[in-house]
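Chemist: Using the working numbering, the first residue of the sequence shown is number 1, and each one after it goes up by one. Don't be surprised by glycine CBs; every beta carbon is placed ideally from N, CA and C.
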Amino acid sequence: MPDITNFKRTDYKAGTQNWSVAQDKNGTMYFANNEGLLQFDGSSWNIFRLPNNTAIRSLEIADEKIFVGGYNEFGYFKADDKGRLKYTSLALLVNANHRAQIDLIWKIHALDGKIIFQSFEKNYIFDGKVLRQAEAPNRFQFSFEVNGKLIYQDVASGLLEYDNGNFVPIPNTASLNSTEVWGIIPLTHDRWLIATIDEGLYLYEKGQLSPWITEADAFMKRNSCLGGELIYKNFIILNSVLDGIIICDLNGKIVQHINRKKGLQNNTILSSFVDRKNNLWLGMDNGITFVNESSPFTYFSSSFDLSTVYASAIFDGNLYVATNQGLFYHSWTKPFKEDSFKLVPGTTGQAWNIQVIEGQLFCGHNRGMLQIENNQVAKNLNPNGYWGMKPIPNSDDHYIGSNYQGFSIFKKTGNNWTFVNYVDGLNKSANTFEVDGNTVWLKKDNFVYRMKLSRDYKKFSSVKVYDGLEDGKKGIGSMQRLNGTIYFQTGNKFYTYALDVDGFIPNEKYTQIFKKLPVVRFVQQDKLGNLWYVFDNSMGLLKRKPNGSYENTLAGLSNLTGYLVSDYVSVNAIDQNDILIGLTDGLAHYDSALLKSEPNKPTAFLRSFSFPGDTLQLAGIGGKIRAHELSYRSNNVKFTFASPLYENLENVEYSYKLEGFDERWSHWTNMSVKEYTNLREGDYKMLVKVRNSYGIQSDATSFDFSISPPWYRHWLAYVIYIGLAILSIYLIRRRIRVQIRRNRYFETVEQRKIYLEKEARIRQEQFELEKEIERLQNEKLKYKILSKDKELVNNSLQVVKKNKVLNGIINKMKEIDTETLDEATKFQFSKLNKSIAKEVNADKSWSDLEKHIRNVHFEFLVRLKDKHPDITPRELDLSTYLLMNMSTKEIAEIMNISNGGVELARYRLRKKLNLEKKENLTGYLMRV
1 MPDITNFKRT DYKAGTQNWS VAQDKNGTMY FANNEGLLQF DGSSWNIFRL
51 PNNTAIRSLE IADEKIFVGG YNEFGYFKAD DKGRLKYTSL ALLVNANHRA
101 QIDLIWKIHA LDGKIIFQSF EKNYIFDGKV LRQAEAPNRF QFSFEVNGKL
151 IYQDVASGLL EYDNGNFVPI PNTASLNSTE VWGIIPLTHD RWLIATIDEG
201 LYLYEKGQLS PWITEADAFM KRNSCLGGEL IYKNFIILNS VLDGIIICDL
251 NGKIVQHINR KKGLQNNTIL SSFVDRKNNL WLGMDNGITF VNESSPFTYF
301 SSSFDLSTVY ASAIFDGNLY VATNQGLFYH SWTKPFKEDS FKLVPGTTGQ
351 AWNIQVIEGQ LFCGHNRGML QIENNQVAKN LNPNGYWGMK PIPNSDDHYI
401 GSNYQGFSIF KKTGNNWTFV NYVDGLNKSA NTFEVDGNTV WLKKDNFVYR
451 MKLSRDYKKF SSVKVYDGLE DGKKGIGSMQ RLNGTIYFQT GNKFYTYALD
501 VDGFIPNEKY TQIFKKLPVV RFVQQDKLGN LWYVFDNSMG LLKRKPNGSY
551 ENTLAGLSNL TGYLVSDYVS VNAIDQNDIL IGLTDGLAHY DSALLKSEPN
601 KPTAFLRSFS FPGDTLQLAG IGGKIRAHEL SYRSNNVKFT FASPLYENLE
651 NVEYSYKLEG FDERWSHWTN MSVKEYTNLR EGDYKMLVKV RNSYGIQSDA
701 TSFDFSISPP WYRHWLAYVI YIGLAILSIY LIRRRIRVQI RRNRYFETVE
751 QRKIYLEKEA RIRQEQFELE KEIERLQNEK LKYKILSKDK ELVNNSLQVV
801 KKNKVLNGII NKMKEIDTET LDEATKFQFS KLNKSIAKEV NADKSWSDLE
851 KHIRNVHFEF LVRLKDKHPD ITPRELDLST YLLMNMSTKE IAEIMNISNG
901 GVELARYRLR KKLNLEKKEN LTGYLMRV
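(1) Have a look at the DSSP bridge pairing and note the partners of Asn-380.
(2) Distance, Cα to Cα, Phe-300 vs Ala-96?
(3) Have a look at Val-465 and Phe-535 and give me their C-alpha separation to the nearest angstrom.
(4) So, under 8 Å CB-CB, Thr-16 and Asn-34 are touching, yes? Tell me the CB distance rounded to an integer number of Å.
(5) So, with DSSP's three-state summary, where would you put Ala-79?
(6) How many angstroms separate the CA atom of Asn-427 from the CA atom of Gln-480?
(7) List, from N- to C-terminal side, the alpha helix (DSSP H) runs of 4 residues or more that fit wholly inside the stretch 196-266.
(8) I'd like to check one pair, Gln-118 with Lys-107: are the Cβ atoms closer than 7 Å?
(9) Could you check whether Thr-640 and Val-688 sit closer than 7 Å to each other, using their CB atoms as the reference points?
(10) Going by the beta-carbon positions, is the gap between Ser-312 and Asn-577 smaller than 7 Å?
(11) Look at Ile-581 and Gly-263 and say whether their C-beta atoms are less than 7 Å apart.
(12) With C-beta atoms as the reference, is Phe-144 less than 7 Å away from Ile-184?
(13) In this structure, what does DSSP give as the bridge partners for Val-501?
(14) Relative to the alpha-carbon of Glu-815, which residue among Asn-833, Glu-823, Lys-122 and Lys-802 has its alpha-carbon at the smallest distance?
(15) Take Arg-84 and list the residues in its own chain whose beta-carbon comes closer than 6 Å to its own, dropping the five residues that flank it on each side.
(16) For Asn-896, which of Gly-503, Gly-620, Trp-711 and Asp-877 has the nearest alpha-carbon?
(17) Ordered along the chain, which non-local residues of its own chain (more than five positions away) have a Cβ less than 8 Å from that of Leu-209?
(18) Run the CB neighbour count on Arg-367, radius 10 Å, all protein chains shown included, and call it buried at 16 or more, exposed below.
(19) With a CB to CB cut of under 6 Å and the five nearest residues on each side skipped, what residues in its chain are close to Ser-461?
(20) Using the three-state DSSP reduction, which class does Lys-334 fall into: helix, strand or coil?
(21) Which whole runs of the beta strand (DSSP E) in the stretch 571-608 are 3 residues long or more, in chain order?
(22) State the Cα-Cα distance for the pair Val-321 and Tyr-329, rounded to the nearest angstrom.
(23) Here's the rule I'm using: 16 or more other beta-carbon atoms within 10 Å means buried, otherwise exposed. How should His-932 be labelled?
(24) Please report how far the alpha carbon of Lys-149 lies from the alpha carbon of Phe-142, in whole angstroms.
(25) Roughly how many angstroms lie between the CA atoms of Phe-767 and Lys-758, to the nearest whole one?
(26) Give the DSSP bridge partners of Asn-33, in chain order.
(27) If you reduce the DSSP assignment to three classes, tell me which class Thr-888 lands in.
(28) Going by CA-CA distance only, name the one from Ser-89, Leu-90, Ile-66 and Gly-70 that's closest to Ala-933.
(29) Which runs of the alpha helix (DSSP H) spanning at least 4 residues fall entirely within the stretch 460-497, listed in chain order?
(30) Return the chain-ordered list of same chain residues with a C-beta closer than 6 Å to the C-beta of Gly-364, the five sequence neighbours on each side being excluded.
(31) Between the beta-carbon of Ile-258 and the beta-carbon of Ile-269, is there less than 7 Å?
(32) Nearest to Phe-690 by alpha carbon, out of Glu-653, Ser-708 and Ala-725?
(33) What would DSSP say about Gln-739, mapped onto helix, strand or coil?
(34) Using DSSP bridges, identify the partner residues of His-628.
(35) Taking the C-alpha atoms as reference points, what is the distance between Trp-668 and Leu-606?
(36) Let me make sure I understand the geometry here. Which of Leu-594, Lys-601, Tyr-563 and Gly-682 has the alpha-carbon closest to that of Glu-629?
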């Protein structure tokens with residue numbers, strides 16, 4: 001059964017029925033859907049509707065136009081200058097009074113440069129400019145293009161050939177008037193297969209019509225035929241109303257039957273189409289289906305009643321399959337008959353293995369080691385669960401089997417097999433083991449066990465466990481027998497065991513073979529010498545060449561990714577055309593020869609280019625748009641990719657690179673959309689390539705576009721900028737010159753000003769210096785005067801003291817009685833008294849002193865009087881004495897009062913001056 005992909009209405013978001021299918025030169029698919037023209041490019045679906053929103057029943061692609069026909073409407077879609085499909089109605093060329101009689105356009109043909117639209121009543125023939133009409137002789141049913149001829153079925157005249165406007169009856173076809181012809185398939189130039197809806201199949205050969213009595217004819221009589229196609233030139237696809245499609249050979253033998261039970265979503269097939277890769281598209285009554293007929297894989301899955309497959313074998317003309325539900329078989333014939341596998345009675349349950357040993361069939365089963373004969377369990381050699389069985393070399397027909405509890409020994413005597421004994425010494429259970437002489441190797445988890453059998457096979461005489469193949473590196477990836485030698489592998493480095501060193505030594509041959517491959521976890525050699533390997537959850541093949549080298553092949557095998565049975569990979573290579581691989585949901589049949597028909601490289605398309613305000617369809621039916629220029633405001637762009645790859649769409653991947661922005665190609669991705677935002681101005685080239693499910697990459701497809709700079713970075717702007725810069729430089733230089741002249745003038749003025757200011761400053765400083773000198777001189781004079789005043793006061797005080805002393809002498813002399821003195825003494829005494837009195841009376845120093853003090857401190861006295869108008873003259877004198885820093889004693893003598901009187905006078909003066917208690921009186925007077 002080929003791989004089937006169903007597209008539901010919810011996938012393509014259009015109507016249910018699909019009446020016709022076509023493919024353009026790019027590989028894009030088109031469907032005549034009952035809601036419009038449906039387009040699919042492998043990545044996305046698009047719908048294009050007719051003006052009257054009617055269903056499209058027919059389509060034809062010619063001259064880069066998609067011609068369509070519906071109810072009372074026909075015309076064509078053509079790409080405009082932006083690649084978008086625009087509809088042109090040709091029905092408008094029909095007389096307006098007759099348009100309502102157009103009816104349904106059931107078929108469209110491109111023949112001899114003309115497009116012919118067929119309805120029930122007429123042909124509408126369009127030559128690119130003029131629309132002509134040709135009436136049906138009676139009433140048309142359908143029409144078909146056969147070997148370059150246009151054949152019509154007329155309801156009353158049988159088959160007619162259209163020849164330059166005339167309808168020529170085809171001999172001996174009037175018997176078809178009683179039925180509807182839905183298909184005419186040319187098998188050769190003069191041999192046609194005619195499919196009718198209810199009378200089966202006919203052959204028209206050498207002018208004679210005869211029933212095609214075959215297996216295919218019987219099927220179509222039961223299920224009603226809706227036409228068909230020829231595939232591979234030697235197989236015929238026939239559509240049915242009730243039971244899907246059949247594919248038969250040229251002799252009418254059914255080789256494949258695909259219906260809803262086997263994977264289709266609907267059993268009514270309205271149309272079928274074979275694309276350029278010989279894959280099959282089915283337009284259904286509800287949905288669209290893609291059948292991958294060109295794939296090297298076909299599948300036996302749930303439709304054959306198979307589940308998870310662990311092993312397979314061909315024996316006595318039957319294919320045996322070990323599954324999780326039991327052992328099944330099916331006859332092995334070509335072509336393979338499509339019916340269900342049958343369960344071998346007594347094998348219900350987990351079957352792990354199926355082997356052909358010494359011409360007999362054995363099944364490793366959960367119930368034991370089962371011997372199968374004539375599709376039945378002939379014998380259960382041992383009821384323990386078994387993984388498999390292998391011969392012991394040079395052991396006289398002894399075999400060792402791996403079971404759930406360890407190992408056991410079997411013996412073959414003639415055709416009779418018997419269980420001998422269990423092997424003691426190890427109870428590990430695993431499905432991967434090998435026998436080398438009397439040594440048994442067991443791989444379990446990340447360990448390898450080396451066990452030596454005793455001579456009587458009853459026990460392992462020695463058991464050694466290895467957890468790595470190199471010192472310091474733990475873990476063992478796989479164990480496999482290649483060309484008769486047991487190899488151990490980890491990280492794609494292969495080793496063999498050396499008994500003399502009891503260790504593992506590297507093997508360069510296979511290490512080099514697997515050096516550039518992904519890290520493998522399983523390797524198996526088939527009987528053709530090919531190496532099958534598993535990495536991650538995918539499979540690869542190293543195909544052996546005649547010279548002994550290997551060619552790595554991933555093509556097609558990536559389709560199995562995710563479906564392999566983990567840790568139980570089964571590859572059964574019968575020959576290069578028949579390779580069976582166990583899957584989680586059945587069995588895959590791989591025909592490596594079919595890969596030759598696969599094109600070397602797929603093709604990638606940049607489907608659309610979107611930017612703010614518009615979208616360009618770059619790879620439409622009308623050809624490619626090579627380049628485009630965008631304004632800077634449209635520097636956010638989006639690309640969509642596509643490739644006409646329809647098989648295994650989930651494994652189709654894209655890689656892209658925007659030259660001028662990206663430094664390297666992107667990682668492979670299933671996403672077919674890429675956006676770029678805020679691109680700078682410049683030239684860009686978008687590159688995209690595709691990798692199909694076979695791992696084959698396409699060449700890069702490119703699209704050039706440029707983004708204009710913003711107005712302020714446009715080249716004209718730069719010209720203006722340069723002009724403005726030159727003008728600015730000129731103006732600046734001119735301004736600088738003017739400024740220099742002004743600066744020189746102002747500098748001269750400034751220097752003159754500075755000179756004058758300096759001269760004035762010098763004069764001012766000279767004046768101030770003179771004033772300072774004068775002040776200092778005045779200060780000096782003042783201090784000198786004060787000093788003189790002090791000296792004068794002191795002298796005056798001395799005079800006062802002298803006068804006081806003299807007055808005292810005078811007073812003492814008055815006490816002397818002069819009468820007692822003689823005249824001479826008396827005269828001398830009187831003369832002395834007068835002299836002393838004269839000295840005292842003649843001394844005016846005190847009055848001069850007071851006058852002098854008032855003159856010297858006149859300004860002070862004025863300021864003090866102004867500040868304190870109520871101050872008395874005596875208080876003014878006291879203030880002057882205090883200003884002169886005279887002592888209390890000196891003041892007391894001058895003012896002729898006691899020391900206490902001075903203190904009292906000072907107190908009264910402080911009170912009159914309103915001084916605070918802590919404020920210094922003398923200091924205050926000095927500040928006045």
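Modeler: Let's see:
(1) Translated into positions along the sequence shown, residue 380 becomes position 380. Its beta-bridge partners are Leu-370.
(2) Against the sequence shown, residue 300 aligns to sequence position 300. Against the sequence shown, residue 96 aligns to sequence position 96. Distance between the alpha carbons of Phe-300 and Ala-96 is about 58 Å.
(3) Walking along the sequence shown from the start, residue 465 turns up at place 465. Walking along the sequence shown from the start, residue 535 turns up at place 535. Approximately 26 Å, taken between the alpha carbons.
(4) Stepping through the sequence shown from its first residue, residue 16 is reached at position 16. Stepping through the sequence shown from its first residue, residue 34 is reached at position 34. Going by Cβ atoms, the distance from Thr-16 to Asn-34 rounds to 7 Å, so yes, they are a contact pair.
(5) Numbered from its first residue, the sequence shown carries residue 79 at position 79. In this structure, Ala-79 counts as strand in the three-state DSSP scheme.
(6) For the purposes of this step, residue 427 is taken as the residue at position 427 of the sequence shown. For the purposes of this step, residue 480 is taken as the residue at position 480 of the sequence shown. So the alpha carbons of these two residues sit roughly 22 Å apart.
(7) 215-223
(8) The sequence position of residue 107 within the sequence shown is 107, counting from 1. The sequence position of residue 118 within the sequence shown is 118, counting from 1. Closer than 7 Å, so yes.
(9) Locating residue 688 in the sequence shown gives position 688, where the first residue counts as 1. Locating residue 640 in the sequence shown gives position 640, where the first residue counts as 1. Not a contact, by the Cβ cut-off of 7 Å.
(10) The sequence position of residue 312 within the sequence shown is 312, counting from 1. The sequence position of residue 577 within the sequence shown is 577, counting from 1. The answer is no: Cβ separation not under 7 Å.
(11) Residue numbering aside, residue 581 sits at position 581 when the sequence shown is read from its first letter. Residue numbering aside, residue 263 sits at position 263 when the sequence shown is read from its first letter. Cβ distance not < 7 Å, so Ile-581 and Gly-263 don't count as in contact.
(12) As a position in the sequence shown, residue 144 is number 144, starting the count at 1. As a position in the sequence shown, residue 184 is number 184, starting the count at 1. Going by C-beta atoms, Phe-144 is nearer than 7 Å to Ile-184.
(13) Numbered from 1 along the sequence shown, position 501 holds the residue referred to as residue 501. Paired residues: none, contrary to the question.
(14) By 1-based counting over the sequence shown, the position of residue 815 is 815. Of Asn-833, Glu-823, Lys-122 and Lys-802, the residue nearest in Cα terms is Asn-833.
(15) Taking the sequence shown and counting its residues from 1, one reaches residue 84 at position 84. Same-chain partners within the cutoff: Gln-617.
(16) Residue 896 sits at position 896 when you count from the first residue of the sequence shown. For Asn-896, the nearest C-alpha among the options comes from Asp-877.
(17) As a position in the sequence shown, residue 209 is number 209, starting the count at 1. So the list reads Asn-172, Thr-173, Ser-175, Leu-176, Ile-194, Tyr-202 and Leu-203, once near-sequence residues are dropped.
(18) As a working note, residue 367 is residue 367 in the sequence shown. Result: buried.
(19) Along the sequence shown, read from residue 1 onward, the residue named residue 461 stands at position 461. Within the same chain, Ser-461 has close Cβ partners Lys-452 and Ser-454.
(20) For the purposes of this step, residue 334 is taken as residue 334 along the sequence shown, with counting starting at 1. Here Lys-334 sits in coil by DSSP.
(21) 571-575, 578-583 and 586-590
(22) As a first step, residue 321 must be located in the sequence shown, where it is residue number 321. As a first step, residue 329 must be located in the sequence shown, where it is residue number 329. Going from the Cα of Val-321 to the Cα of Tyr-329 covers about 6 Å.
(23) Given a span of 1 to 928 for the chain in the structure shown, any question on residue 932 remains unanswerable.
(24) As a first step, residue 149 must be located in the sequence shown, where it is residue number 149. As a first step, residue 142 must be located in the sequence shown, where it is residue number 142. Using only the alpha carbons, I get a separation of about 14 Å.
(25) Start at 1 with the first residue of the sequence shown, and residue 767 comes out as number 767. Start at 1 with the first residue of the sequence shown, and residue 758 comes out as number 758. If I take the Cα positions, the gap works out to 14 Å.
(26) Position 33 of the sequence shown, counted from the first residue, corresponds to residue 33. According to DSSP, Asn-33 bridges with Asn-18 and Gly-36.
(27) Here residue 888 is taken as the residue at index 888 of the sequence shown, counted from 1. Here Thr-888 sits in helix by DSSP.
(28) Look at the range of the chain in this structure, 1 to 928, and you will see that residue 933 is not part of it.
(29) none
(30) Locating residue 364 in the sequence shown gives position 364, where the first residue counts as 1. Within the same chain, Gly-364 has close Cβ partners Trp-352, Asn-353, Tyr-386, Trp-387 and Gly-388.
(31) One-based indexing of the sequence shown puts residue 258 at position 258. One-based indexing of the sequence shown puts residue 269 at position 269. Contact flag unset, no.
(32) Numbered from 1 along the sequence shown, position 690 holds the residue referred to as residue 690. What sits at residue 690 in the sequence shown is Val, not Phe. That would be Glu-653, whose Cα lies nearest to the Cα of Val-690.
(33) Here residue 739 corresponds to residue number 739 of the sequence shown, with the count starting at 1. The answer is helix: DSSP assigns Gln-739 an H, G or I state.
(34) Sequence index remark: in the sequence shown, residue 628 carries index 628 (1-based). Beta-bridge pairing links His-628 to Phe-705.
(35) Within the sequence shown, residue 668 is the residue found at index 668, counting from 1. Within the sequence shown, residue 606 is the residue found at index 606, counting from 1. Trp-668 and Leu-606: Cα-Cα distance of roughly 16 Å.
(36) Within the sequence shown, the letter at position 629 stands for residue 629. Here the closest residue by C-alpha is Gly-682.
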